[in-house]
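**Student:** In the working numbering, the protein residues as written are 16 to 289.
For glycine and all other residues, C-beta sits at the position ideal for the given N, C-alpha and C.
Fair warning: this is a prediction, and the values are worked out from it, not measured in the lab.
Pasting a structure here, questions to come.
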Ligand SMILES: [Zn+2]
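This is how it looks when you write it as structure tokens:
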């Protein structure tokens, strides 16, 4: 498993298209930020070959593609797992290891003398946090997609679009040398502005597409299906995926709140004379 360098003592590895940051905090200890999509013994072998014990895993959020090695690191290294209560509540299945809760409002976490700043970044999920390593690498979880990833993404998963956009705007105001997006890699300080801009533009484009699909009265479900078809989704398992449909429905609800589409008795109507 290749260890990629971010800055100073901050490295990262790819665990099946989901990155885990590894921060060396001194005296043979490491702190991970997220732990990837796939459980891999190789992660432990690599750490142990470098004489490292994982003292903690800081979870940006508890989606399965960010937590695959938490149990392994907890049982083998005694790693303490940190996440917010909102994250725990958001995950439906039972979590098979203890979690130390962090505040959703951000702050800092000190582990073995190393200080990690945490920033509230809700929207993709409730209670998501970004963590800044002592080397100034701001690990944003899924709060931002890189430009490369965005170009390929059909529809970013967001639980609350308006909150997610507010989070992107807040990240735009931060000033760290490097940002690490969980699914694609590093974003430089210079690329941050454009990255935020494009992430927001992607959402606005989805809003416009959804609004323009409402040309006549239609049911929410019909609009969700029409949108999925319009972005090229053909696979029936994806078309029926409950959380994928929900992330689209939430965008429609946001359009209704903004007065871009009207909703009466569960039916959506176009706004006339726009
Ligand atoms: Zn996620």
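Near residue 43, what residues of its chain come up, given a Cβ to Cβ distance below 8 angstroms and the 5 sequence neighbours on each side ignored?
**Tutor:** 66, 67, 68
**Student:** Taking the alpha helix (DSSP H) that residue 259 falls in, what are its first and last residues?
**Tutor:** 257-272
**Student:** With a threshold of 7 angstroms (Cβ to nearest heavy atom), would residue 199 be considered close to ligand 1?
**Tutor:** no
**Student:** So what does DSSP say about residue 19, is it helix, strand or coil?
**Tutor:** strand
**Student:** How should residue 149 be labelled, buried or exposed, when 16 other C-beta atoms within 10 angstroms of its C-beta is the threshold for buried?
**Tutor:** buried
**Student:** Which term fits residue 85, buried or exposed, when burial requires 16 or more other beta carbons within 10 angstroms of its beta carbon?
**Tutor:** buried
**Student:** Considering only heavy atoms of ligand 1 and the C-beta of each residue, which residues fall inside 5 angstroms, strictly closer?
**Tutor:** 78, 157
**Student:** Return the CA-CA distance between residue 128 and residue 70, expressed in angstroms with no decimal places.
**Tutor:** Distance between the alpha carbons of residue 128 and residue 70: 12 angstroms.
**Student:** According to DSSP, which residues form a beta bridge with residue 278?
**Tutor:** 283
**Student:** Give the range of the alpha helix (DSSP H) segment to which residue 251 is assigned.
**Tutor:** 251-254
**Student:** Quick one: any contact between the segment 158-169 and the segment 181-195, if contact means 3 or more CB pairs under 8 angstroms?
**Tutor:** yes
**Student:** Below 8 angstroms, can you find three or more Cβ-Cβ pairs linking the segment 33-51 to the segment 126-142?
**Tutor:** The answer is yes - the segment 126-142 touches the segment 33-51, with three or more Cβ pairs under 8 angstroms.
**Student:** Let me make sure I understand the geometry here. Which of 245, 203, 140, 208 has the alpha-carbon closest to that of residue 177?
**Tutor:** 140
**Student:** Contact check, residue 235 vs residue 281 under 8 angstroms by CB: the rounded distance?
**Tutor:** The pair is a contact, with the Cβ atoms about 7 angstroms apart (cut-off 8 angstroms).
**Student:** Could you tell me which of 226, 168, 137 sits nearest to residue 273, measuring between CA atoms?
**Tutor:** 226
**Student:** Tell me the rounded alpha-carbon separation between residue 57 and residue 231.
**Tutor:** 55 angstroms
**Student:** Count the other CB atoms within 10 Å of the CB of residue 246; is the residue buried (16 or more) or exposed (fewer)?
**Tutor:** exposed
**Student:** Mark residue 18 as exposed unless 16 or more other C-beta atoms lie within 10 angstroms of its C-beta, in which case mark it buried.
**Tutor:** Exposure of residue 18 is indicated by the presence of fewer than 16 other C-beta atoms within 10 angstroms of its C-beta.
**Student:** What does DSSP give as the partner residues of residue 29 in its beta bridges?
**Tutor:** 34
**Student:** Let me confirm a value: residue 20 is counted as buried when at least 16 other C-beta atoms fall within 10 Å, else exposed. Which label applies?
**Tutor:** exposed
**Student:** With DSSP run on the structure shown, which of helix, strand or coil describes residue 53?
**Tutor:** coil
**Student:** Report the option in 137, 82, 73, 132 whose CA atom is closest to the CA atom of residue 115.
**Tutor:** 73
**Student:** Let me confirm a value: residue 142 is counted as buried when at least 16 other C-beta atoms fall within 10 Å, else exposed. Which label applies?
**Tutor:** buried
**Student:** Excluding the 5 residues flanking residue 269 on each side, which residues of the same chain have their C-beta closer than 8 angstroms to its C-beta?
**Tutor:** 176, 177, 222
**Student:** Span of the beta strand (DSSP E) holding residue 229?
**Tutor:** That residue, residue 229, is in no beta strand (DSSP E); it is neither H nor E in DSSP.
**Student:** Classify residue 26: buried if its beta carbon has 16 or more other beta carbons within 10 angstroms, exposed otherwise.
**Tutor:** Answer is buried; the Cβ neighbour count reaches 16.
**Student:** Could you check where the alpha helix (DSSP H) with residue 246 kicks off and where it finishes?
**Tutor:** Per DSSP, residue 246 belongs to no alpha helix (DSSP H) and is neither H nor E.
**Student:** Once you ignore the five residues that flank residue 101 on each side, which residues in its own chain have a CB closer than 6 angstroms to its CB?
**Tutor:** 119, 141, 142
**Student:** Find the nearest neighbour of residue 92 within the set 260, 199, 62, judged by alpha-carbon distance.
**Tutor:** Of the listed residues, the one whose Cα sits closest to residue 92 is 62.
**Student:** Given this structure, state the Cα-to-Cα distance separating residue 279 from residue 174, to the nearest angstrom.
**Tutor:** 23 angstroms
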